[in-house]
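The sequence shown begins at 58 in my numbering and counts up one residue at a time.
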Amino acid sequence: MNTEVCARFGIEFPLFAFSHCRDVVAAVTNAGGFGVLGAVAYTPDRLEEELRWIDDQVNGRPYGVDVLVPGKIDKAAEGGGGIDALLAAVPEEHWNFLVGLFAKYDVPLPDFEKAKRSNADDGARVTAKGATELIDVSLAHPIGLIA
Numbered sequence: 058m059n060t061e062v063c064a065r066f067g068i069e070f071p072l073f074a075f076s077h078c079r080d081v082v083a084a085v086t087n088a089g090g091f092g093v094l095g096a097v098a099y100t101p102d103r104l105e106e107e108l109r110w111i112d113d114q115v116n117g118r119p120y121g122v123d124v125l126v127p128g129k130i131d132k133a134a135e136g137g138g139g140i141d142a143l144l145a146a147v148p149e150e151h152w153n154f155l156v157g158l159f160a161k162y163d164v165p166l167p168d169f170e171k172a173k174r175s176n177a178d179d180g181a182r183v184t185a186k187g188a189t190e191l192i193d194v195s196l197a198h199p200i201g202l203i204a
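If you want it as structure tokens, here you go:
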């Protein structure tokens, strides 16, 4: 297809696929679309492994990386306190809205303590410092987009 978006991104089809799975990113990219890897779940070392694998699969075709870059976050969360600091940075009115929404639709609230145990370091990557580390890793690869 000859579209402006295809020309701009160097792809055959105006198809963008965001995924946390490197296989999907590579498959979409190899099919002529633009695969984008969601990176926030990865540590910098793991992201390096994933991007190296994608590089080997796509033979120079363009793909992207999606990193959550907070526009504003409480300074307490920047201190490296992990997920506890990140959760503490969420304003009370947001929590109240969430609780009300879940109650309205009869959805059980998540088990935050269990989630914190299984995702103990995830909060560190949703900070300016964590996002910068992931961006630095990403820019060492021939990516076509940081989202």
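Glycine included, each C-beta is placed from N, C-alpha and C at the ideal position.
Give the DSSP bridge partners of residue i, in chain order.
{"i": "G92", "result": "A74"}
{"i": "L202", "result": "G121"}
Let's see if you can read the secondary structure: which residues bound the alpha helix (DSSP H) around residue i?
{"i": "D193", "result": "A185 to L196"}
{"i": "T100", "result": "Segment: none, T100 is in no alpha helix (DSSP H) and carries neither H nor E."}
{"i": "A146", "result": "A146 -> no alpha helix (DSSP H), and no H or E assigned at all."}
{"i": "V81", "result": "R79 to N87"}
I need the boundaries of the beta strand (DSSP E) containing residue i, first residue and last residue.
{"i": "G121", "result": "G121 to D123"}
If residue i and residue j are in contact, beta carbons under 8 Å, what's the gap, nearest whole angstrom?
{"i": "F70", "j": "G89", "result": "5 Å"}
{"i": "V124", "j": "L191", "result": "5 Å"}
{"i": "V115", "j": "N87", "result": "6 Å"}
Would you report the Cα separation of residue i and residue j, rounded to the nearest angstrom?
{"i": "H77", "j": "D102", "result": "16 Å"}
{"i": "L196", "j": "V122", "result": "9 Å"}
{"i": "Y162", "j": "L144", "result": "23 Å"}
{"i": "E106", "j": "F66", "result": "24 Å"}
{"i": "L94", "j": "L155", "result": "28 Å"}
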